[in-house]
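Chains as they are written, first to last, in my numbering: chain A, 1 to 114; chain B, 115 to 345.
Next up, the structure:
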């Protein structure tokens with residue numbers, strides 16, 4: 001039987017999921033504490049809360065890590081349950097579009113001027 | 115005692131069904147295998163595998179009240195009635211409690227379960243230090259009963275691509291062996307998205323292993339070696 005193993009790709013994705021999990025474990029408590037400490041009531045308050053650049057960068061990095069983490073997880077689920085290659089590829093694209101789109105949208109919201 | 119047995123006869127073409135059996139047996143000191151053999155004495159059409167009847171050969175693994183166990187070392191006294199006995203899940207049923215182990219063995223074969231050492235044979239045995247020998251503890255004791263692999267949801271979904279806990283425990287047994295020279299090739303063989311990384315750490319394997327082994331820990335050690343090799 002022909003062997004189709006040894007593509008050397010599993011370790012990288014597994015590491016990415018573990019690394020993003022560690023990053024999120026550090027970033028999420030900081031963000032939650034920061035937000036709960038001063039929950040703003042109105043739009044101006046929210047704008048003031050997000051004015052420090054470090055917060056915006058941290059927020060975006062956390063969202064990117066979450067998207068990467070979710071991508072590996074979704075990929076694993078689709079690998080288990082969706083066997084036809086074409087259908088699986090379509091699901092992959094949908095997941096990537098949603099996750100990457102969300103991160104880009106967040107960046108646009110965080111750095112919007114209006 | 116009350117039993118519910120999974121029955122399937124491929125020759126009649128009838129669908130599998132659960133058969134209720136009433137057996138007059140004193141549970142104290144007896145194992146499930148004793149009961150199954152007593153039932154078979156009443157009804158010789160019941161098919162099951164057994165050999166050593168003391169938990170060494172691993173041929174009488176069955177699903178008892180939802181858990182994979184060896185019938186020969188499962189005390190009747192600790193089982194809730196009716197005792198539901200089914201063949202191992204996730205493998206094709208040949209007849210009654212007998213399953214086709216080929217998908218399991220195919221994955222076991224794929225990890226090359228033998229020592230690879232091309233060095234000239236020494237005059238005496240290939241000796242190991244006590245420390246090197248200790249690395250094999252918890253790995254060599256596996257009897258290949260398939261309780262763990264057939265309890266693993268990842269193996270149910272991907273029996274053709276995921277090696278499964280038993281195969282990976284054996285893979286680790288040869289990776290850890292100081293006398294084996296094919297460590298790099300063995301790691302190559304496992305490094306793809308399916309063969310090892312389908313393990314999601316569900317740990318059903320640890321829960322059911324009748325020998326008390328820990329395939330999840332072995333999988334973790336292989337993963338550490340793969341990561342170390344990479345970073």
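We treat Cβ as the ideally placed atom computed from N, Cα and C, and that holds for glycine.
Could you pull the DSSP bridge partners for residue 182 of chain B from this structure?
What you label residue 182 of chain B is simply residue 68 of the second chain in a count that begins at 1. Bridge partners of residue 182 of chain B: B:177.
Leaving out five residues on either side along the sequence, give the residues of the same chain with a beta carbon under 7 Å from the beta carbon of residue 335 of chain B.
Counted from its first residue, the second chain places residue 335 of chain B at position 221. Hits under 7 Å: 286.
Strictly under 8 Å for the Cβ-Cβ distance: is residue 10 of chain A near chain B by that measure?
Along the first chain, read from residue 1 onward, the residue named residue 10 of chain A stands at position 10. With respect to chain B, the C-beta atom of residue 10 of chain A has a partner C-beta closer than 8 Å.
Does any CB atom of chain A fall closer than 8 Å to the CB of residue 282 of chain B?
Position 168 of the second chain, counted from the start, is the residue given in the question as residue 282 of chain B. Not one chain A Cβ lies under 8 Å of residue 282 of chain B.
So is the beta-carbon of residue 257 of chain B under 7 Å away from any non-hydrogen atom of the ligand ATP?
The model on display carries no ligand, and the ligand ATP is accordingly not part of it.
Anything in the stretch 301-331 of chain B with a Cβ closer than 8 Å to a Cβ of chain A? List those residues in chain order, please.
302, 303, 304, 305, 306, 307, 308, 309, 310, 311, 312 and 314
Is there a Cβ from chain A that is less than 8 Å from the Cβ of residue 228 of chain B?
Position 114 of the second chain, counting from 1, holds the residue named residue 228 of chain B. Not closer than 8 Å to any Cβ of chain A, the Cβ of residue 228 of chain B fails to qualify, so no.
Let me check one thing: in DSSP terms, what residues is residue 120 of chain B bridge-paired to?
Sequence index remark: in the second chain, residue 120 of chain B carries index 6 (1-based). In DSSP, residue 120 of chain B forms a bridge with B:132.
Answer yes or no: do residue 161 of chain B and residue 211 of chain B have a C-beta to C-beta separation smaller than 8 Å?
Locating residue 161 of chain B in the second chain gives position 47, counting from the first residue. Locating residue 211 of chain B in the second chain gives position 97, counting from the first residue. Taking 8 Å as the Cβ cut-off, residue 161 of chain B and residue 211 of chain B qualify as a contacting pair.
Classify residue 189 of chain B as helix, strand or coil using the three-state DSSP reduction.
By one-based count along the second chain, residue 189 of chain B stands at place 75. Residue 189 of chain B falls in the strand class under three-state DSSP.
Alpha helix (DSSP H) runs contained entirely in the stretch 214-242 of chain B, provided each spans 4 or more residues:
Segments of the alpha helix (DSSP H) lying fully in the stretch 214-242 of chain B: 216-224.
Integer Cβ distance of residue 176 of chain B from residue 206 of chain B, believed to fall under 8 Å
Looking up residue 176 of chain B in the second chain gives position 62. Looking up residue 206 of chain B in the second chain gives position 92. The C-beta distance from residue 176 of chain B to residue 206 of chain B rounds to 15 Å, too long to meet the 8 Å contact threshold.
If we ignore side chains and look at the alpha-carbon of each, how far apart do residue 45 of chain A and residue 180 of chain B end up?
Residue numbering aside, residue 45 of chain A sits at position 45 when the first chain is read from its first letter. Residue numbering aside, residue 180 of chain B sits at position 66 when the second chain is read from its first letter. Distance between the alpha carbons of residue 45 of chain A and residue 180 of chain B is about 56 Å.
Is residue 110 of chain A helix, strand or coil by DSSP?
Looking up residue 110 of chain A in the first chain gives position 110. DSSP places residue 110 of chain A in helix when its eight states are reduced to three.
So which residues on chain A does residue 176 of chain B lean against when the C-beta distance must stay under 9 Å?
On the second chain, residue 176 of chain B is found 62 positions in, with the first residue counted as 1. Correct list: empty, because the minimum Cβ distance to chain A is about 26 Å.
Under the rule that 16 or more other beta-carbon atoms within 10 Å means buried, what is residue 308 of chain B, buried or exposed?
For this step, residue 308 of chain B is matched to residue 194 along the second chain. A residue is called buried once 16 or more other Cβ atoms fall within 10 Å of its Cβ, and residue 308 of chain B is buried on that count.
Cβ contact check for the stretch 288-305 of chain B and the stretch 225-235 of chain B: 3 or more pairs under 8 Å:
yes
In chain order, what residues of the stretch 45-77 of chain A put their CB closer than 8 Å to some CB of chain B?
76
Quick check: is the beta carbon of residue 13 of chain A nearer than 8 Å to any beta carbon in chain B?
Against the first chain, residue 13 of chain A aligns to sequence position 13. Interface residue, yes.
Neighbourhood of residue 282 of chain B by C-beta distance below 8 Å, restricted to the same chain and skipping five residues each side
Numbered from 1 along the second chain, position 168 holds the residue referred to as residue 282 of chain B. In its chain, beyond the 5 residues on either side, 225, 304, 310, 313, 329, 332, 333 and 336 have a beta carbon closer than 8 Å to the beta carbon of residue 282 of chain B.
Under the rule that 16 or more other beta-carbon atoms within 10 Å means buried, what is residue 222 of chain B, buried or exposed?
One-based indexing of the second chain puts residue 222 of chain B at position 108. Looking at its Cβ environment, which holds 16 or more other Cβ atoms inside 10 Å, residue 222 of chain B is buried.
Taking DSSP as the reference, what is the three-state secondary structure of residue 79 of chain A?
The count along the first chain starts at 1 and reaches residue 79 of chain A at position 79. Here residue 79 of chain A sits in helix by DSSP.
Test item: CB-CB of residue 145 of chain B and residue 189 of chain B under 8 Å:
As a working mapping, residue 145 of chain B is identified with position 31 in the second chain. As a working mapping, residue 189 of chain B is identified with position 75 in the second chain. Going by C-beta atoms, residue 145 of chain B is nearer than 8 Å to residue 189 of chain B.
Report yes or no: is there a C-beta of chain A within less than 8 Å of the C-beta of residue 344 of chain B?
Along the second chain, one-based indexing puts residue 344 of chain B at 230. So, interface residue.
Going along chain A in order, which residues have a C-beta closer than 7 Å to the C-beta of residue 341 of chain B?
Within the second chain, residue 341 of chain B is the residue found at index 227, counting from 1. In chain order: 11 and 15.
Counting only Cβ pairs nearer than 9 Å, list the residues of chain A close to residue 272 of chain B.
Numbered from its first residue, the second chain carries residue 272 of chain B at position 158. For residue 272 of chain B, the C-beta contacts it makes with chain A under 9 Å involve 79 and 80, in order along the chain.
For residue 261 of chain B, would you say it is in contact with chain A, using Cβ-to-Cβ distances shorter than 8 Å as the test?
If you number the second chain from 1, residue 261 of chain B lands on position 147. Not an interface residue.
Can you give me the start and stop residues for the beta strand (DSSP E) that residue 208 of chain B sits inside?
Taking the second chain and counting its residues from 1, the one referred to as residue 208 of chain B is at position 94. Residue 208 of chain B -> beta strand (DSSP E) spans 207-209.
Could you tell me the alpha carbon to alpha carbon distance between residue 216 of chain B and residue 263 of chain B, rounded to whole angstroms?
As a working note, residue 216 of chain B is residue 102 in the second chain. As a working note, residue 263 of chain B is residue 149 in the second chain. If I take the Cα positions, the gap works out to 12 Å.
Can you grab the Cα-Cα spacing for the pair residue 134 of chain B / residue 199 of chain B, in whole Å?
Your numbering for residue 134 of chain B matches position 20 in the second chain. Your numbering for residue 199 of chain B matches position 85 in the second chain. Looking at the two C-alpha atoms, the distance is approximately 10 Å.
Quick check: the Cα distance between residue 257 of chain B and residue 68 of chain A, rounded to an integer number of angstroms?
As a first step, residue 257 of chain B is located in the second chain; it is residue number 143 there, counting from the start. As a first step, residue 68 of chain A is located in the first chain; it is residue number 68 there, counting from the start. In a straight line, the C-alpha of residue 257 of chain B is about 40 Å away from that of residue 68 of chain A.
Between which two residues does the beta strand (DSSP E) carrying residue 197 of chain B extend?
The sequence position of residue 197 of chain B within the second chain is 83, counting from 1. 197-200 is the extent of the beta strand (DSSP E) around residue 197 of chain B.
For residue 327 of chain B, tell me which candidate among B:267, B:342 and B:250 has the shortest Cα-Cα distance.
The count along the second chain starts at 1 and reaches residue 327 of chain B at position 213. Nearest of B:267, B:342 and B:250 to residue 327 of chain B, Cα basis: B:250.
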